[in-house]
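Each remark here refers to the structure printed beneath this line.
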Amino acid sequence: MTKNPYISGLTGVSMRTVARELGVEAMSLYHHVADKEALLDALADWVFDRIPLPDPSLPWREALTRRWVDARATLSAHPWGLGLIESRRSPGPATLRNHDAVLGCLLGAGFPVPLAATAFSALDAYVFGFVLTEQTLPFEPGESAEEFVEALALPTDDYPHLATFIAAQVGPDYAHSDEFVIGLDLILDALEQRLSAVGLQVEGRQGP
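Numbering (the numbering used here), first residue to last: 2 to 209.
Below, the structure written as structure tokens:
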């Protein structure tokens, strides 16, 4: 079974282990953070501080694409952050600033609050899920998807739909990571359609 890296990483976090990594006494850390929970709050904020804010000078769709591409890159580089960043009860300034900027991008583009909430949730769920999948794929180091599928040796008579899918999709140039932007575009397409429908409804109510 593939081990989830963020779980194994965070369960080992304690004031004592952090102090040992820093080469200091555990008690000296309490001059900087109150306890382990405060330390985890700071780590979550550290992650958000590395996700650039949406650029307000860009159209909303381009700005959000860049933001979530950056979020994926940051979480991929720091896999322990995936289970941490949305779990803290005391969010720090970088966390709040990032959320506020995303909402500002959505609301500024004309998203009503309920649709902005749905958009934020759907995009987060997609990106977090994609990163988690990437982190837990059962590939050996250096193994391609094509090699993994060949090793499975699935009987095509028993799994005809999988066989059709693999034959059409998985080849020498296939990379699971390539699916990310395609899926992100699908979500943004749907959000753009919903936003357009909201605009038409508003125009209809304002018409003669």
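Glycine included, C-beta positions come from ideal geometry on N, C-alpha and C.
Which of helix, strand or coil DSSP assigns to residue i
| i | result |
| --- | --- |
| residue 127 | helix |
| residue 182 | helix |
| residue 90 | coil |
| residue 163 | helix |
| residue 208 | Model confidence at residue 208 stands at a pLDDT of 49, short of 50, so the residue's coordinates are unreliable and nothing is read from them. |
| residue 216 | Coverage of the chain is limited to positions 2 through 209, which leaves residue 216 absent and any answer about it impossible. |
| residue 6 | With a pLDDT of only 40 at residue 6, under the threshold of 50, the placement of this residue in the model should not be trusted, and no figure is reported. |
| residue 52 | coil |
| residue 79 | coil |
| residue 191 | helix |
| residue 200 | helix |
| residue 122 | helix |
| residue 174 | coil |
| residue 153 | helix |
| residue 158 | coil |
| residue 71 | helix |
Classification of residue i by the beta-carbon crowding that lies within 10 angstroms, buried from 16 upward
| i | result |
| --- | --- |
| residue 55 | buried |
| residue 42 | buried |
| residue 96 | buried |
| residue 85 | buried |
| residue 197 | exposed |
| residue 48 | buried |
| residue 90 | exposed |
| residue 44 | buried |
| residue 154 | exposed |
| residue 7 | In this prediction, residue 7 has a pLDDT of 40, which is less than 50 and means its spatial position is unreliable; nothing more can be read from the coordinates. |
| residue 80 | buried |
| residue 1 | Nothing can be reported for residue 1, as the shown portion of the chain is limited to 2 through 209. |
| residue 114 | exposed |
| residue 158 | exposed |
Integer Cβ distance of residue i from residue j, believed to fall under 8 Å
| i | j | result |
| --- | --- | --- |
| residue 146 | residue 177 | 6 Å |
| residue 66 | residue 163 | With 8 Å as the limit, residue 66 and residue 163 do not qualify as a contact, their Cβ atoms being about 31 Å apart. |
| residue 167 | residue 182 | Contact flag wrong, Cβ pair sits at about 22 Å. |
| residue 117 | residue 108 | 6 Å |
| residue 129 | residue 83 | 6 Å |
Minimum Cβ-Cβ distance from residue i to chain B less than 8 Å
| i | result |
| --- | --- |
| residue 110 | No chain B appears in this structure, which consists of one protein chain only. |
Where are the alpha helix (DSSP H) runs, 4 residues long or more, that stay fully inside the region 93-120, in chain order? 94-109
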